[in-house]
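Beneath this line is the structure, given in structure tokens, with notes to follow.
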Amino acid sequence: MAGEFRGKVGVNALWPRTAIATAAVQNLLGGDEITNMSRKPEIMGDAAYSILTRDMSICTGNFFVDDEVMYSEGVRDLDKYAVKPGTKLAPDFFVEPVDE
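Residues 0 to 99, numbered by numbering that gives the first Met the number 0, are exactly what the sequence shown covers, in order.
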């Protein structure tokens, strides 16, 4: 798609590194235990904003991971996005975890 729409719109993907505290996580994947090991949805919003405000002629055809986007924006302390700061985070199912 990025090639098809080049010059008209930027096409990128964004995925979370860890579980995100959503109703699905709370109700289907483990209740409070997993929710407390998740990040708040705000990290996805902040990462998406960062991507959407980039020059689409340069920033297209990418697969971004939320924490990497925030790190590229100069955010070094991601604990503010944790539901329960200081808690070990549950990895996402589809992204390789990294040691922090």
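Note that beta-carbon positions come from the ideal geometry of N, C-alpha and C, so glycine has one too. All of these numbers come straight from a predicted model, not from anything done at the bench.
Buried versus exposed call for residue 70 [16 or more other C-beta atoms within 10 Å across all chains shown]: Result: exposed.
Any non-hydrogen atom of the ligand FAD closer than 8 Å to residue 74 Cβ: The ligand content of the structure shown is nil, which means the ligand FAD is not present either.
Bridge partners - residue 90, DSSP secondary structure assignment: The beta-bridge partner set that DSSP reports for residue 90 consists of 17.
Residue from 25, 14, 45 whose Cα sits closest to the Cα of residue 79: Minimum Cα distance to residue 79 is reached at 45.
Member of 20, 41, 57 whose CA lies at the smallest distance from the CA of residue 33: Ranking 20, 41, 57 by Cα distance to residue 33 puts 20 first.
Candidates 25, 30, 38: closest to residue 76 by CA position: Of 25, 30, 38, the residue nearest in Cα terms is 38.
CA-to-CA distance, residue 83 to residue 66, given in whole angstroms: Those two C-alpha atoms are separated by around 17 Å.
Euclidean distance between Cα positions of residue 92 and residue 16: Residue 92 and residue 16 have their alpha carbons spaced roughly 9 Å apart.
Sequence ranges, beta strand (DSSP E) only - wholly within the segment 20-97, length at least 3: As far as the segment 20-97 is concerned, its whole beta strand (DSSP E) runs of at least 3 residues are 61-64.
Spatial distance of residue 18 from residue 56 (CA atoms): Here the C-alpha atom of residue 18 lies approximately 31 Å from the C-alpha atom of residue 56.
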